[in-house]
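Heads up: the structure comes next, in structure tokens.
In UniProt numbering, the protein residues as written are 1 to 282.
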């Protein structure tokens, strides 16, 4: 969701500049800065930005620079004359220049005429806004392609690591059986072999990771399928990543094997990197 877009245009009497910045956010957090004269257009502008950018902490700035000699601030001549006349009544011999300097610093000597929004001018401003939005969307798209490649790589890393972990499964189960038999042998007592085998099977079933392996594989496939869809799917990818984490954690808790646990740690590291980057997906 991070991005930056900027566009500007020189009109007859004004230079229009629009800047849009976006950071990661669970929803749309939009902050707008614009001259007060254009505030009446803010609601429509917000709807437009929300439709185009959907999510992110977005800062929108509209700058209007007057480049002509025209100004909306005027000297309130009747008020200035009234002040000068009042001061002349008190100090008839006072210098007119000094009185003028004093008068223009008095209240209400300057007036700002509220500028009505010109429809043609707003259309030009809208074109600049559209250009800035297009630039930030291009920025996001470029970043998205980079993220997609990174996601695919890390998903394949997790898949390969899962296969490595599975390869230790026969050795792991054999070690468990051996440890249990050695522990029973140390008791130096007679046991019911059939009952022992039943208990052994029950215990080994508790350590079986077949279901976790299947579910994790399905989650990996679903992540890639969702990634390739044309919809805004950042939240869905986040949910899938959470489910992947559950299966990896369960595999780790059941592993009971040093090498397999090392591989599980590597899988968690790859998944954490995915979770960090998923926050940057719409």
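Each residue gets a CB set at the ideal place from its N, CA and C atoms; glycine is no exception.
Proximity of residue 94 and residue 88 at Cβ, strictly below 8 Å: yes
Closest residue to residue 261 among 38, 168, 127 (Cα-Cα distance): 168
Residue range of the unbroken beta strand (DSSP E) whose run includes residue 142: Per DSSP, residue 142 belongs to no beta strand (DSSP E); it is in the alpha helix (DSSP H), 119-167.
Within 8 Å, strictly: CB atoms of residue 148 and residue 227: Yes, the pair counts as a contact, with Cβ atoms nearer than the cut-off.
Ordered list of alpha helix (DSSP H) runs contained in the region 65-113, each at least 4 residues: 77-90, 96-103
Bridge partners - residue 7, DSSP secondary structure assignment: 18
Residue 258 burial status per 10 Å Cβ neighbour count (16 or more: buried): exposed
Beta-carbon contacts of residue 84 that lie in its chain and below 8 Å, excluding the five residues immediately before and after: If you ignore the 5 residues before and after residue 84, its C-beta comes within less than 8 Å of the C-beta of 96, 99, 100, 103, all in its own chain and listed in chain order.
Simplified DSSP state of residue 281, which is helix, strand or coil: coil
Assigned secondary structure, residue 275 (DSSP; H/G/I helix, E/B strand, else coil): helix
Beta-carbon proximity check, residue 132 vs residue 20, cutoff 8 Å: yes
Beta carbon of residue 241 nearer than 8 Å to that of residue 274: yes
Cβ pair residue 24, residue 279 closer than 8 Å: yes
Whole-angstrom distance between residue 213 and residue 283, CA atom to CA atom: Absent from the model: residue 283. The displayed extent of the chain is 1 to 282, so no value can be given.
Rounded Cβ spacing between residue 207 and residue 256 (contact assumed at less than 8 Å): 6 Å
Whole-angstrom distance between residue 252 and residue 215, CA atom to CA atom: Approximately 15 Å between the Cα atoms of the pair.
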